[in-house]
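K.L.:
This note's numbering numbers the first residue of the sequence shown as 69 and each following residue consecutively.
Backbone N, C-alpha and C fix where the C-beta goes; we use that ideal spot for every residue, glycine too.
Okay, handing you the structure first.
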Amino acid sequence: MKVLILSITAGQGHHTTGKAIMDEVKARGHECEMIDTFKYINPILSESVAKGYLMSTIMTPAVYGNLYRLAEKKDKNDSKYSIAKLTNSILALKLESYIEKYAPDYIICTHIFSAQVMTQLKKHITTTSIGIITDFTIHPFWEDTDLDYYVTANERLSLQAKKKEIPVSKLLPFGIPINDKFTHVHAKDYARKQLGIADKNTIFVMSGSMGYGNVTKIIKQLDNMDLDFQIVSVCGNNKSLKRKIDKMVMKKSIKNYGYADNVDIIMDAADCII
């Protein structure tokens, strides 16, 4: 069996999901490849999408929120001849030759954008396609896709899917794919020793690979609490946030990471995760 995973650079979560799937597929003795869809089609486009996503979600979240709500209200039929759909049709042309050459049995899309491109490809390619919805809600753009199956976080998303005219028969409530290391639990004292922190109550503040949210405000509020605990924070790729936290004058002990690849250990060391 051959599996092709189509990811998109918009944070690290979609790549991480794809990597988890790829590792499991290969562990079972099958062939698997993963590509950054837009980067393969056009590196400049990929960089523009990544930077645009970063700016809209971190620097101008209100604008992103308004666009999200607008997308929720639009009529599905309005997008039949949309610029986005026409653009995806053009982008699909270059990807089609890659897919025909690799000849996968399954194509897995870990992002809405790659799923939209795959929807256009389904007019010419009969390979079974699967979308991985990596949120605990269904983004309005998913209703513009037409894949064979959709993996969701849980059964509760079935009602949302029905409202968005996604057939419930296509839903696979398997949960969001994660790396196998998160299934192994370490004792708190062991995890804390690995991190080089004290063996005491620990609160873990995490904000994704892009360092979302008002993390400095949260840490200040935690620092002012009349309770004895230490703080571990992970800022992801948000270097500005990392510098801000490093400069904070704290009463409590804090270990501040930038991007961390040992989140499983940090989780096991924590008593509470924010």
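Whose C-beta lies closer than 8 Å to the C-beta of Trp210 among residues of the same chain, with five residues either side of it excluded?
P.N.:
Around Trp210: Ile180, Ala183, Gly199, Ile201, Tyr218, Lys232, Ile234.
K.L.:
Report the partner residues of Ile200 according to the DSSP bridge assignment.
P.N.:
Note: Ile200 sits in a beta bridge opposite Val219.
K.L.:
Alpha carbon to alpha carbon, how far is Gln289 from Ala337? Give it in angstroms, no decimals.
P.N.:
Each residue's Cα considered, the two are about 21 Å apart.
K.L.:
In the DSSP output, what is Asp104 paired with across the bridge?
P.N.:
The partner list for Asp104 (beta bridge, DSSP) reads Ser75.
K.L.:
In the segment 157–188, which residue ranges form an unbroken beta strand (DSSP E) of at least 3 residues, counting only runs that do not cross its ends?
P.N.:
Segments of the beta strand (DSSP E) lying fully in the segment 157–188: 174–177.
K.L.:
DSSP three-state call for Glu92: helix, strand or coil?
P.N.:
Here Glu92 sits in helix by DSSP.
K.L.:
Skipping 5 residues on each side, what residues in its chain have a beta carbon closer than 7 Å to that of Ser114?
P.N.:
Low confidence applies to Ser114: its pLDDT is 48, below 50, so where it sits in the model is not reliable enough to give any reading.
K.L.:
Please name the residue or residues paired with Ile271 in a DSSP beta bridge.
P.N.:
Note: Ile271 sits in a beta bridge opposite Ile299, Cys340.
K.L.:
Whose C-alpha, out of Ile73, Leu240, Arg260, is nearest the C-alpha of Ile167?
P.N.:
If we check each option's Cα against that of Ile167, Ile73 comes out closest.
K.L.:
Relative to the C-alpha of Lys162, which residue among Asp212, Asp203, Ala266, His192 is closest?
P.N.:
Residue His192 is the option with its Cα nearest to Lys162.
K.L.:
Excluding the 5 residues preceding and the 5 following His83 in the sequence, name in chain order all residues of the same chain whose CB lies nearer than 6 Å to its CB.
P.N.:
Counting only Cβ-Cβ distances below 6 Å, and skipping sequence neighbours, we find Ser75.
K.L.:
Quick one: grab the DSSP three-state call for Tyr327.
P.N.:
The answer is coil: DSSP assigns Tyr327 none of H, G, I, E or B.
K.L.:
What residue does the alpha helix (DSSP H) around Ser226 start on, and which one ends it?
P.N.:
Unbroken alpha helix (DSSP H) run through Ser226: 226–231.
K.L.:
Starting from the Cα of Gly264, find the closest Cα among Ile286, Thr85, Ile176, Ser321 and give me that residue.
P.N.:
Checked all of Ile286, Thr85, Ile176, Ser321; the closest Cα to Gly264 is Ser321.
K.L.:
Return the first residue and the last residue of the alpha helix (DSSP H) that Ser308 is part of.
P.N.:
Looking at the DSSP string, the run of the alpha helix (DSSP H) that includes Ser308 is 307–314.
K.L.:
Excluding sequence positions up to five away, which residues of its chain have a Cβ less than 7 Å from the Cβ of Leu109?
P.N.:
A small correction: the amino acid at residue 109 is Ile; Leu does not occupy that position in the sequence shown. Correct list, in chain order: Leu159, Lys162, Leu163.
K.L.:
Does the Cβ-Cβ distance between Asp91 and Asn324 come in under 9 Å?
P.N.:
No, they are not a contact pair.
K.L.:
Between the C-alpha atoms of Cys177 and Tyr258, what's the straight-line distance to the nearest angstrom?
P.N.:
Approximately 37 Å between the Cα atoms of the pair.
K.L.:
Assign Met293 to one of two classes, buried (16 or more other C-beta atoms within 10 Å of its C-beta) or exposed (fewer than that).
P.N.:
Its Cβ having fewer than 16 others within 10 Å, Met293 is exposed.
K.L.:
Strictly by DSSP, which residues pair up with Ile322?
P.N.:
DSSP lists Ile299 as partners of Ile322.
K.L.:
For Lys70, which three-state DSSP category applies?
P.N.:
Looking at Lys70 - three-state DSSP - the assignment turns out to be strand.
K.L.:
Between Leu225 and Phe242, is the Cβ-Cβ spacing less than 9 Å?
P.N.:
No, the Cβ-Cβ distance between Leu225 and Phe242 is not below 9 Å.
K.L.:
Just to confirm before moving on: does the CB-CB distance between Thr196 and Asp212 stay below 9 Å?
P.N.:
Against a cut-off of 9 Å, the Cβ pair of Asp212 and Thr196 comes out as no contact.
K.L.:
Could you tell me the alpha carbon to alpha carbon distance between Asp216 and Lys230, rounded to whole angstroms?
P.N.:
Asp216 and Lys230: Cα-Cα distance of roughly 15 Å.
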